[in-house]
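Asker: Have a look at this one before I ask anything.
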Amino acid sequence: MSEGFVALRALAETDEERSRLDQARHSLPAKVEGDELMAQAQGLMAAKAMLDDERAPLAEILGALETEIEGLRSRREQIIARLSASVGAGKELEAMDAEVTHLSEAIDDRETTELELLEQIAPLEDRLGRIEAELHTLRVRHQVLEGEFKTQSAELEAARALVLARRSELAAVIEPTLLLRYERIAARTGASGACLVNAGHCGGCHIELASGEVDALRHLPLDELGTCEQCGRLLLRTEQVN
Ligand SMILES: [Zn+2]
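This note's numbering puts the first residue of the sequence shown at 32, with every later residue one more than the last.
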């Protein structure tokens, strides 16, 4: 019987190990950092969208203004060219001269507005640039993390496969009725279905056994197992696994 109990204890240990590996899968360093990174990226994208919304109408006005300034300049150049060729009568030349002055004033006026717009847009573009740079850094790090995640998951998978192989070997040498009893409890705990009593504590849930429980255990025959009242695990005593 003691050999079966030794195997049962080992089986319980493989189940605890499998449960630890399953939990580790959710807290792989690469996954945790990757999740944080994604949250950061989402925040940056939202900030970027707000800045884009602020910048877009200003950029549109600026574009229209630049086209207008270009038109005014080319009109002024044409008139200046005609003036220097001195074509037309004196009155016409005067009118052309007045138009050049008028066009120059219009250009100055629009250039002042253009400058104001550029001053409004510049800090927005600075911030957008910084956000782009941060997003780029995050993207690069995320790629690295994806690689690390693959490696870390593969390591976990390999460890899990080893544990499961060892588990099958152990299960094969445990008496079927005891194994069935164990499996039912293990299905409930999600980890092991048995454990060793350790200094008056259940080795599974780590809760201290009541003095009555300890006493009852002590009086059980060597081929019988106790049960933890807290977690339901089968309780093995040291003398049963030595
Ligand atoms: Zn327990």
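Ideal Cβ placement from N, Cα and C applies to all residues, glycine included.
What is the DSSP secondary structure of V245, counted as helix, strand or coil?
Answerer: Looking at V245 - three-state DSSP - the assignment turns out to be helix.
Asker: Can you name the start and end residues of the alpha helix (DSSP H) that L166 belongs to?
Answerer: It spans G121 to A203 - the alpha helix (DSSP H) in which L166 sits, taken as one unbroken run.
Asker: For L89 versus R141, is the C-beta spacing smaller than 7 angstroms?
Answerer: No, these two residues do not count as a Cβ contact at 7 angstroms.
Asker: Can you tell me which of the three DSSP states L251 falls into?
Answerer: Of the three classes helix, strand and coil, the one that applies to L251 here is coil, per DSSP.
Asker: For E239, which three-state DSSP category applies?
Answerer: Residue state, collapsed to three classes: strand.
Asker: What is the residue span of the alpha helix (DSSP H) that A230 lies within?
Answerer: Note, A230: premise wrong, no alpha helix (DSSP H); not H, not E.
Asker: Could you check if R215 belongs to the surroundings of ligand 1, using beta carbon to heavy atom distance under 6 angstroms?
Answerer: Checking every heavy atom of ligand 1 against the Cβ of R215, none is found closer than 6 angstroms.
Asker: How should L195 be labelled, buried or exposed, when 16 other C-beta atoms within 10 angstroms of its C-beta is the threshold for buried?
Answerer: So L195 ends up on the exposed side.
Asker: On a CA-only basis, which of G102, G65 and S115 is nearest S135? Give me that one, please.
Answerer: Of G102, G65 and S115, the residue nearest in Cα terms is G102.
Asker: Can you check DSSP and say which residues form a bridge with T258?
Answerer: Its beta-bridge partners are L265.
Asker: Within the present structure, is the beta-carbon of R219 separated from the nearest heavy atom of ligand 1 by less than 6 angstroms?
Answerer: Checking the Cβ of R219 against ligand 1 gives no.
Asker: Is it the case that the CB of R264 approaches a heavy atom of ligand 1 more closely than 6 angstroms?
Answerer: Yes, ligand 1 has a heavy atom inside 6 angstroms of this Cβ.
Asker: Under the rule that 16 or more other beta-carbon atoms within 10 Å means buried, what is E200, buried or exposed?
Answerer: Per the 10 Å Cβ criterion, exposed.
Asker: Say yes only if the C-beta of Q261 is nearer than 6 angstroms to one or more non-hydrogen atoms of ligand 1, and no if none qualify.
Answerer: Q261 Cβ: within cutoff of ligand 1.
Asker: Say whether the region 115-124 touches the region 185-193, bearing in mind that this needs 3 or more beta-carbon pairs closer than 8 angstroms, one atom from each stretch.
Answerer: Cβ pair count under 8 angstroms is below three, so no.
Asker: Please indicate yes or no: does the CB of G243 lie closer than 6 angstroms to some heavy atom of ligand 1?
Answerer: Checking the Cβ of G243 against ligand 1 gives no.
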